[in-house]
Amino acid sequence: MKNEGRTQFMKKILVTLIAALTAVTTIMGGASIQAAASFKDVPSNHWAKTSIDSAVSKGYFKGYSNGTFKPSASVTRSEFASLLARVSKADPNVDISNVFNDLSNHWSKKEVDRAVSLGFINPADYPNGFKPNTPITREEMAKWISSGLATADTDFKKALEDTKTTLVPVKESFSPGISEAKAPFISVVIGTGVMTGYPDNSFGMTKTTTRAEASVILLRIANMEGKKASSFSDLNEIRAVGATKSNLSQVTPFSTANDKTYAVISGKTKTLKNGAGKVVLHRTIYVNTTNWTNKKSVYAPFFISEENKDFYKEYTNVIPVFHEITIYPKAKKFSSDHIRTGLRTALSGQRITPSSLPEKYGYLTLPAYNSEQFFAKYSTSSGVKLWIKENIYVDRKGLVGMYYMDDGSALSLYNN
790 MKNEGRTQFM
800 KKILVTLIAA
810 LTAVTTIMGG
820 ASIQAAASFK
830 DVPSNHWAKT
840 SIDSAVSKGY
850 FKGYSNGTFK
860 PSASVTRSEF
870 ASLLARVSKA
880 DPNVDISNVF
890 NDLSNHWSKK
900 EVDRAVSLGF
910 INPADYPNGF
920 KPNTPITREE
930 MAKWISSGLA
940 TADTDFKKAL
950 EDTKTTLVPV
960 KESFSPGISE
970 AKAPFISVVI
980 GTGVMTGYPD
990 NSFGMTKTTT
1000 RAEASVILLR
1010 IANMEGKKAS
1020 SFSDLNEIRA
1030 VGATKSNLSQ
1040 VTPFSTANDK
1050 TYAVISGKTK
1060 TLKNGAGKVV
1070 LHRTIYVNTT
1080 NWTNKKSVYA
1090 PFFISEENKD
1100 FYKEYTNVIP
1110 VFHEITIYPK
1120 AKKFSSDHIR
1130 TGLRTALSGQ
1140 RITPSSLPEK
1150 YGYLTLPAYN
1160 SEQFFAKYST
1170 SSGVKLWIKE
1180 NIYVDRKGLV
1190 GMYYMDDGSA
1200 LSLYNN
């Protein structure tokens, strides 16, 4: 009887231990189990399945109690703020709380406060309340991410300053245009690859983001931990266009006399020698096409297309250069010929081809024909802003280009 009682006692202990171990395993492994399981609405061939599983396993995202993930659902402000709060490992310098009155009883209050403390969210942007259930736009998302990076690292803060007047490599830069207030935030997320454009090279400023897309973005942010802004080549190029008005040093072998940059001639006027008008240079973009399959420049898609392939594959010694200028016509019946005969510098240029590129991205170039009719629409006071092209040959040594403006400022290019 004693042995039987001891046996029953041991069985009870064993059952208790097994139950306890099971409970511990469930608690500790819950997130992994959820990530490993197949969400009913995320099939194995879903484009973001790997990212979704990874984001869930890391605790950034959570699935729903009914076994779904809702990959196509739009991410709200409160959700993205919570995601950023979770993915960031940083400790804020100051803990900020109770920022938004409309979050007093909201589930995301604590994480939104943390996102504010980490510099992702500027409360001044939401004077009428946070409105947590509002789907976040891609423009907002870019600002939050870039602001958080700048708060954590001075190199990213400098990147925001450098890109205020840059040409952001997205369709909207050409038409309708991106303001200086917004350009830095889009530049940083595009330059680091945290966010990318759509197939048509637009950014989609006012579009929203799905949970599937957000899972990809979060993993990219997590992978940036500890990296400097200067470690991203695309961002360096975008910064250079903002700070020096050209990407010359980033994508070409050329150099300038006395280490001058295009900034010394940007915004300057060049009067045509024939007195027919004036030209003002804004910025210059180089696209290195010497290796067609590996073109150098984040701006390549906007100025080079597959229709240019045969030419640049044959002439591998050519690097195309694209100038953004404003022409102020003065002469009656002003035409493209006035530009060619009135300029002795590279700014004379030629039209960008194929014509489908300017049409696709919404910028102007020199007309193929009827240039008198084209320029007749523009006055001496308002002018017309457009893009022109020139070619520089990399097999030529020494001086390969020279620009000189009315005020005496000049820039000389060399291939040493």
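If you count by the numbering used here, then the sequence shown holds residues 790 to 1205, one letter each, in order. Think of the CB as a built atom: it goes at the ideal place given N, C-alpha and C, for glycine as much as any other residue.
Consult DSSP for isoleucine 1006 and reduce its assignment to one of helix, strand or coil.
Residue 1006 sits at position 217 when you count from the first residue of the sequence shown. Residue state for isoleucine 1006 is assigned as helix, using DSSP reduced to three classes.
Relative to the C-alpha of serine 1168, which candidate in Asn1080, Lys1067, Ala1046 has its C-alpha closest?
Translated into positions along the sequence shown, residue 1168 becomes position 379. Nearest option by C-alpha distance: Lys1067.
Going by beta-carbon coordinates alone, are lysine 1062 and glycine 1015 separated by less than 7 Å?
Sequence index remark: in the sequence shown, residue 1062 carries index 273 (1-based). Sequence index remark: in the sequence shown, residue 1015 carries index 226 (1-based). No Cβ-Cβ contact shorter than 7 Å links lysine 1062 with glycine 1015.
The segment 838-851 in contact with the segment 975-991 per 3-pair CB rule at 8 Å:
Not touching, per the Cβ criterion.
With DSSP as the reference, please indicate the residues paired to proline 1109 in a beta bridge.
By one-based count along the sequence shown, residue 1109 stands at place 320. Asn1180, per the DSSP bridge assignment.
Looking only at its own chain, which residues have a Cβ that is under 7 Å from the Cβ of glycine 1190, when we skip the five neighbours before and after it?
As a working note, residue 1190 is residue 401 in the sequence shown. Only Ala1135, Ile1181, Leu1202 meet the Cβ criterion.
What would DSSP say about serine 1124, mapped onto helix, strand or coil?
Residue mapping note: residue 1124 aligns to position 335 of the sequence shown, counting from 1. Serine 1124 sits in coil when the DSSP states are folded into three classes, being neither helix nor strand.
If the criterion is Cβ atoms closer than 7 Å, does the pair isoleucine 1054 and histidine 1112 meet it?
As a first step, residue 1054 is located in the sequence shown; it is residue number 265 there, counting from the start. As a first step, residue 1112 is located in the sequence shown; it is residue number 323 there, counting from the start. The Cβ atoms of isoleucine 1054 and histidine 1112 lie no closer than 7 Å to each other.
Exposed or buried, aspartate 1195, counting other C-beta atoms within 10 Å across all chains shown (16 or more means buried)?
For the purposes of this step, residue 1195 is taken as the residue at position 406 of the sequence shown. Classification of aspartate 1195: exposed, given that the 10 Å Cβ count is below 16.
Using a beta-carbon distance below 7 Å, is leucine 1024 in contact with chain B?
The structure shown has no chain B; it contains just one protein chain.
Can you give the Cα-Cα distance for arginine 1192 and histidine 1071, rounded to whole angstroms?
In the sequence shown, residue 1192 corresponds to position 403, counting from 1. In the sequence shown, residue 1071 corresponds to position 282, counting from 1. Sequence check: residue 1192 is tyrosine here, not arginine. Looking at the two C-alpha atoms, the distance is approximately 13 Å.
Distance, threonine 865 Cα to isoleucine 885 Cα:
As a working mapping, residue 885 is identified with position 96 in the sequence shown. As a working mapping, residue 865 is identified with position 76 in the sequence shown. Taking the straight line from one Cα to the other gives about 21 Å.
Within the continuous alpha helix (DSSP H) that includes arginine 903, where are the two ends?
The residue labelled residue 903 in the question sits at position 114 within the sequence shown. Counting along the chain, the alpha helix (DSSP H) containing arginine 903 begins and ends at 898-906.
Taking lysine 1034 as the reference, give the member of Ala1011, Ile1074, Thr999, Thr1082 with the closest Cα.
Mapped onto the sequence shown, residue 1034 falls at position 245. Among Ala1011, Ile1074, Thr999, Thr1082, the Cα nearest to that of lysine 1034 is on Ile1074.
For arginine 1072, name the three-state secondary structure that DSSP assigns.
On the sequence shown, residue 1072 is found 283 positions in, with the first residue counted as 1. DSSP places arginine 1072 within a strand segment (E or B) once states are collapsed to three.
Rounding to the nearest angstrom, what Cα-Cα distance links valine 977 and asparagine 1012 in this structure?
Numbered from 1 along the sequence shown, position 188 holds the residue referred to as residue 977. Numbered from 1 along the sequence shown, position 223 holds the residue referred to as residue 1012. Roughly 15 Å between the two C-alpha positions.
Sorted by chain position, which residues of the same chain lie with C-beta nearer than 6 Å to alanine 1052's C-beta, five sequence neighbours on each side aside?
To locate residue 1052, count along the sequence shown from 1; it is residue 263. Excluding sequence neighbours, alanine 1052 sits near Thr1033, Lys1034.
Would you report the Cα separation of serine 821 and serine 867, rounded to the nearest angstrom?
Locating residue 821 in the sequence shown gives position 32, counting from the first residue. Locating residue 867 in the sequence shown gives position 78, counting from the first residue. Legend: pLDDT at serine 821 = 38, less than 50; position of this residue unreliable, value from coordinates given subsequently. Using only the alpha carbons, I get a separation of about 24 Å.
Proline 1118 in three-state terms, based on DSSP:
Reading the sequence shown from its first residue, position 329 is the one you call residue 1118. In the three-state DSSP reduction, proline 1118 falls in the strand class (E or B).
Kindly indicate which three-state DSSP category lysine 1049 falls into: helix, strand or coil?
For the purposes of this step, residue 1049 is taken as residue 260 along the sequence shown, with counting starting at 1. Secondary structure of lysine 1049 (DSSP, three-state): coil.
Host beta strand (DSSP E) of leucine 1200 (start-end)
As a first step, residue 1200 must be located in the sequence shown, where it is residue number 411. Element bounds for leucine 1200: 1199-1204.
Beta carbon of aspartate 1023, beta carbon of glycine 980: below 7 Å?
In the sequence shown, residue 1023 corresponds to position 234, counting from 1. In the sequence shown, residue 980 corresponds to position 191, counting from 1. In this structure, aspartate 1023 places its C-beta atom within 7 Å of the C-beta atom of glycine 980.
Sorted by chain position, which residues of the same chain lie with C-beta nearer than 7 Å to alanine 931's C-beta, five sequence neighbours on each side aside?
Start at 1 with the first residue of the sequence shown, and residue 931 comes out as number 142. Phe974, Ile975, Val978, Met984, listed in sequence order.
Residue environment, aspartate 1099, which counts as buried when at least 16 other CB atoms sit within 10 Å
As a position in the sequence shown, residue 1099 is number 310, starting the count at 1. With fewer than 16 other Cβ atoms from the protein chains shown falling within 10 Å of its own Cβ, aspartate 1099 counts as exposed.
With distances taken Cα to Cα, identify the nearest neighbour of lysine 946 among Tyr1088, Ala1199, Phe909, Ile925.
Indexing the sequence shown from 1 puts residue 946 at position 157. When only C-alpha atoms are compared, the closest one is Phe909.
Cβ distance (whole Å) where phenylalanine 828 is taken to contact phenylalanine 850 below 8 Å
Start at 1 with the first residue of the sequence shown, and residue 828 comes out as number 39. Start at 1 with the first residue of the sequence shown, and residue 850 comes out as number 61. At roughly 10 Å, the Cβ-Cβ gap does not stay under 8 Å, so phenylalanine 828 and phenylalanine 850 are not in contact.
Helix, strand or coil: how does DSSP classify tyrosine 853 here?
The residue given as residue 853 occupies position 64 in the sequence shown. If DSSP states are grouped into helix, strand and coil, tyrosine 853 belongs with coil.
Considering tyrosine 1193, what are the terminal residues of the beta strand (DSSP E) in which it resides?
For the purposes of this step, residue 1193 is taken as the residue at position 404 of the sequence shown. First-last of the beta strand (DSSP E) with tyrosine 1193: 1187-1193.
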